[in-house]
């Protein structure tokens, strides 16, 4: 479904992504992990068409974002790290606005919004101003926005940050159900939590894919140890550099 | 077209509750009212017609209102990070730009419309002499040229706001572009070609307002403002697309 081939990106002279390649199949939840500055957010931004790669190719169901950007963007749902929202809007009003912006037909809007709110547990705060929501609820609204149009590809940056334990479990359930019809790429540092629901881990180090692990091939504790060792060593190398 | 409408509607609603909209609109109306009263007093007994006085009292303040209203359009989105979510949406940059531009123009149009209350409603009710002098078609022509000018100022302001994260910086730059540039060009022409002074007593921008208010329509003037607006909007959408190159 999603093909990433030799993707490179640099901010000025600083190379942030260097020849990143991997595929994500539908039904897969791929966790991107690595130390700070490894290029996780940048990679998600390139996949979300917020940044244009210097070289390399991205394809979603054979659609190249550089050739058919609107069609490509219609197929993705994106949750950014900061999870920005229009604070003066109410939750339901915001989701309706986002759905209309994404081009959904008028008749389906209410149903889709109700579905997304139910999925993310937002019914109780439907009429609350976004500015009054806690960080956890803001994340849920962002997730509802990403999921609302049943995208083929979900890109979630630092999804678990700011969520309590119960909410993390619910989020995992939401993602597992969403992954039945979408490919999911999640960036984050919460290795233990992601181990329970991710199907694959991609470790980024200085903009390169340092390692890739399929969760089904390892015992949970063993894989967690390996991943932590990878991330720690990458962070140390980066500090030294 | 649908995306333009959705963005336009949201922005107009956002304007409605924004402090950065209510205060400038109130200040604009107050200043226009004061200028209108001063001009009426100064031109008592002159041939200047009521719609011309109104147009000339509104036109100088339009760039300021436009700059203040448009400063938040993209600068705020960039500061809060909402620009990312807009850019991920399956819409073209030009739809985004046009929707936001139209929202600012709507607010400007509404405000200019409000400023019509004094010459069209209050004055005729107070004075029988004025009552006969009010010609709605002439006011409509004046409103038209003011909106043409406002479209150019709003387009410039929308374009400038793409380049900034700070709203104040966007407003100042937009003001420099809208008010400063025409002034500098006019002054430069006067200093290099002093003979022009005899033919052009006022700033050309005010002359356009006066001409339209007296029925002297010019296709060239209409084209000038329309082209300026389209140019600024085009640059704006390209600048927005360039954000994808390096964030």
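Protein chains in written order, with the working numbering: chain A, 30 to 270; chain B, 242 to 488. Glycine included, every Cβ here is placed at the ideal spot set by N, Cα and C.
Requested in this report: Identify every residue that forms a DSSP beta bridge with residue 107 of chain A.
Outcome: In the first chain, residue 107 of chain A corresponds to position 78, counting from 1. Residue 107 of chain A pairs with A:184.
**Report entry** Pick from A:174, A:116, A:230, A:74 that is closest to residue 484 of chain B, judged by C-alpha positions
**Finding:** Your numbering for residue 484 of chain B matches position 243 in the second chain. Comparing Cα-Cα distances from residue 484 of chain B to each of A:174, A:116, A:230, A:74, the minimum goes to A:74.
Query raised in the report: Below 7 Å between beta carbons: does that hold for residue 233 of chain A and residue 48 of chain A?
Result: Here residue 233 of chain A refers to the residue found at position 204 of the first chain. Here residue 48 of chain A refers to the residue found at position 19 of the first chain. Not closer than 7 Å, so no.
Report task. Go to residue 415 of chain B, then tell me how far its alpha helix (DSSP H) extends in each direction, as first and last residue. Result -> Within the second chain, residue 415 of chain B is the residue found at index 174, counting from 1. 408 to 416 is the span of the alpha helix (DSSP H), which, as asked, contains residue 415 of chain B.
Query raised in the report: Out of curiosity, what's the CA-to-CA distance linking residue 176 of chain A and residue 224 of chain A?
Result: For the purposes of this step, residue 176 of chain A is identified with residue 147 of the first chain, where counting begins at 1. For the purposes of this step, residue 224 of chain A is identified with residue 195 of the first chain, where counting begins at 1. So the two alpha carbons sit approximately 22 Å from each other.
Query raised in the report: Does the Cβ of residue 118 of chain A have 16 or more other Cβ atoms within 10 Å, making it buried, or fewer, making it exposed?
Result: Taking the first chain and counting its residues from 1, the one referred to as residue 118 of chain A is at position 89. It counts as buried.
**Report entry** Opposing strand residues paired with residue 158 of chain A [DSSP bridges]
**Finding:** For the purposes of this step, residue 158 of chain A is taken as residue 129 along the first chain, with counting starting at 1. DSSP output for residue 158 of chain A lists A:119 as bridge partner(s).
**Report entry** Beta-carbon neighbours of residue 68 of chain A, restricted to chain B and to distances below 8 Å
**Finding:** On the first chain, position 39 is the one that residue 68 of chain A refers to. Ordered by position in chain B, no residue passes the 8 Å Cβ test against residue 68 of chain A, which lies about 13 Å from the chain.
Query raised in the report: In chain B, what lies closer than 8 Å to residue 99 of chain A by C-beta?
Result: Stepping through the first chain from its first residue, residue 99 of chain A is reached at position 70. Within 8 Å Cβ-Cβ: 331, 332, 333.
Query raised in the report: Are residue 260 of chain A and residue 61 of chain A touching if we call contact CB-CB under 7 Å?
Result: On the first chain, position 231 is the one that residue 260 of chain A refers to. On the first chain, position 32 is the one that residue 61 of chain A refers to. Taking 7 Å as the Cβ cut-off, residue 260 of chain A and residue 61 of chain A do not qualify as a contacting pair.
Requested in this report: Mind checking which residues open and close the alpha helix (DSSP H) that includes residue 352 of chain B?
Outcome: Translated into positions along the second chain, residue 352 of chain B becomes position 111. It spans 334 to 356 - the alpha helix (DSSP H) in which residue 352 of chain B sits, taken as one unbroken run.
Query raised in the report: Alpha carbon to alpha carbon, what distance is there between residue 226 of chain A and residue 349 of chain B?
Result: Mapped onto the second chain, residue 349 of chain B falls at position 108. Mapped onto the first chain, residue 226 of chain A falls at position 197. Going by the C-alpha atoms only, they are around 52 Å apart.
Query raised in the report: Using CA coordinates, which residue listed in B:425, B:397, B:462 is at the minimum distance from residue 478 of chain B?
Result: Counting from 1 along the second chain, the entry for residue 478 of chain B is found at position 237. Closest option to residue 478 of chain B, Cα to Cα, is B:397.
Query raised in the report: Do you know whose CA, among A:77, A:124, A:81, A:110, lies nearest residue 104 of chain A's CA?
Result: Within the first chain, numbered from 1, the residue matching residue 104 of chain A stands at position 75. Nearest C-alpha to residue 104 of chain A: A:77.
**Report entry** Chain-ordered neighbours of residue 102 of chain A on chain B, where CB pairs are closer than 9 Å
**Finding:** Residue mapping note: residue 102 of chain A aligns to position 73 of the first chain, counting from 1. Ordered by position in chain B, the residues that pass the 9 Å Cβ test against residue 102 of chain A are 328, 329, 330, 331, 332.
**Report entry** 7 Å CB neighbourhood of residue 196 of chain A in its chain, flanking five on each side removed
**Finding:** Stepping through the first chain from its first residue, residue 196 of chain A is reached at position 167. Counting only Cβ-Cβ distances below 7 Å, and skipping sequence neighbours, we find 165.
Query raised in the report: According to the neighbour-count rule (16 or more other Cβ atoms, all chains shown, within 10 Å of its Cβ), is residue 265 of chain A buried or exposed?
Result: The count along the first chain starts at 1 and reaches residue 265 of chain A at position 236. It is exposed - the Cβ of residue 265 of chain A has fewer than 16 other Cβ atoms within 10 Å.
Query - Interfacial residues, the segment 443 to 458 of chain B to chain A, with Cβ spacing under 9 Å - result: none
Query raised in the report: Is it true that the CB of residue 155 of chain A sits closer than 7 Å to the CB of residue 183 of chain A?
Result: Here residue 183 of chain A refers to the residue found at position 154 when the first chain is read from its first residue. Here residue 155 of chain A refers to the residue found at position 126 when the first chain is read from its first residue. Not closer than 7 Å, so no.
Query raised in the report: Between the segment 128 to 146 of chain A and the segment 323 to 341 of chain B, are three or more C-beta pairs nearer than 8 Å?
Result: yes
**Report entry** Alpha-carbon spacing of residue 185 of chain A relative to residue 330 of chain B, whole angstroms
**Finding:** To locate residue 185 of chain A, count along the first chain from 1; it is residue 156. To locate residue 330 of chain B, count along the second chain from 1; it is residue 89. Between residue 185 of chain A and residue 330 of chain B, the C-alpha separation is close to 15 Å.
Query raised in the report: Excluding sequence positions up to five away, which residues of its chain have a Cβ less than 7 Å from the Cβ of residue 192 of chain A?
Result: Within the first chain, numbered from 1, the residue matching residue 192 of chain A stands at position 163. Taken in chain order, the residues that qualify are 165, 168, 200.
Query raised in the report: Along the chain, where does the beta strand (DSSP E) that runs through residue 85 of chain A open and close?
Result: Residue mapping note: residue 85 of chain A aligns to position 56 of the first chain, counting from 1. Note, residue 85 of chain A: beta strand (DSSP E), 84 to 89.
Query raised in the report: Is the CB-CB distance between residue 334 of chain B and residue 482 of chain B below 7 Å?
Result: Along the second chain, one-based indexing puts residue 334 of chain B at 93. Along the second chain, one-based indexing puts residue 482 of chain B at 241. Contact: yes.
Report task. Closer than 8 Å by beta-carbon distance: list the chain A residues that pair up with residue 486 of chain B, in chain order. Result -> Counting from 1 along the second chain, the entry for residue 486 of chain B is found at position 245. Ordered by position in chain A, the residues that pass the 8 Å Cβ test against residue 486 of chain B are 80, 81.
**Report entry** CB contact check: residue 77 of chain A to chain B, cutoff 7 Å
**Finding:** Here residue 77 of chain A corresponds to residue number 48 of the first chain, with the count starting at 1. Yes, contact with chain B.
Query raised in the report: So with Cβ pairs under 7 Å, would you call residue 323 of chain B a contact of chain A?
Result: Taking the second chain and counting its residues from 1, the one referred to as residue 323 of chain B is at position 82. Output row for residue 323 of chain B: interface = yes.
Query - Minimum Cβ-Cβ distance from residue 251 of chain B to chain A less than 7 Å - result: Residue mapping note: residue 251 of chain B aligns to position 10 of the second chain, counting from 1. Chain A, which has a Cβ nearer than 7 Å to the Cβ of residue 251 of chain B, makes this yes.
Query raised in the report: For the segment 30 to 79 of chain A, which segments carrying the alpha helix (DSSP H) assignment without a break, of at least 4 residues, lie completely within its bounds, in sequence order?
Result: 69 to 76
Query - Within chain A, the residues that residue 243 of chain B reaches when beta carbons sit closer than 7 Å - result: One-based indexing of the second chain puts residue 243 of chain B at position 2. 132, listed in chain order.
Requested in this report: Please say whether residue 474 of chain B and residue 288 of chain B have beta carbons closer to each other than 7 Å?
Outcome: In the second chain, the residue the question calls residue 288 of chain B occupies position 47. In the second chain, the residue the question calls residue 474 of chain B occupies position 233. Not in contact: residue 288 of chain B and residue 474 of chain B (Cβ atoms no closer than 7 Å).
Query raised in the report: Checking contacts by CB at 7 Å: is residue 129 of chain A closer than that to chain B?
Result: On the first chain, residue 129 of chain A is found 100 positions in, with the first residue counted as 1. Judged by the 7 Å Cβ criterion, residue 129 of chain A is in contact with chain B.
Query raised in the report: Based on Cα-Cα distance, which residue from B:433, B:388, B:308, B:302 lies nearest to residue 261 of chain B?
Result: For the purposes of this step, residue 261 of chain B is taken as the residue at position 20 of the second chain. It is B:308.
Query raised in the report: Any idea what DSSP makes of residue 214 of chain A, helix, strand or coil?
Result: For the purposes of this step, residue 214 of chain A is taken as residue 185 along the first chain, with counting starting at 1. Residue 214 of chain A falls in the strand class under three-state DSSP.
Requested in this report: Compute the Euclidean distance between the alpha carbons of residue 101 of chain A and residue 56 of chain A, then round it to the nearest angstrom.
Outcome: Here residue 101 of chain A refers to the residue found at position 72 when the first chain is read from its first residue. Here residue 56 of chain A refers to the residue found at position 27 when the first chain is read from its first residue. When rounded, the distance between both Cα atoms is 19 Å.
Query - Cut-off 6 Å between Cβ atoms - residues of its own chain near residue 315 of chain B, not counting five sequence neighbours on either side - result: Here residue 315 of chain B is taken as the residue at index 74 of the second chain, counted from 1. If we look at residue 315 of chain B and ignore the five residues flanking it on each side, its Cβ neighbours are 402, 403.
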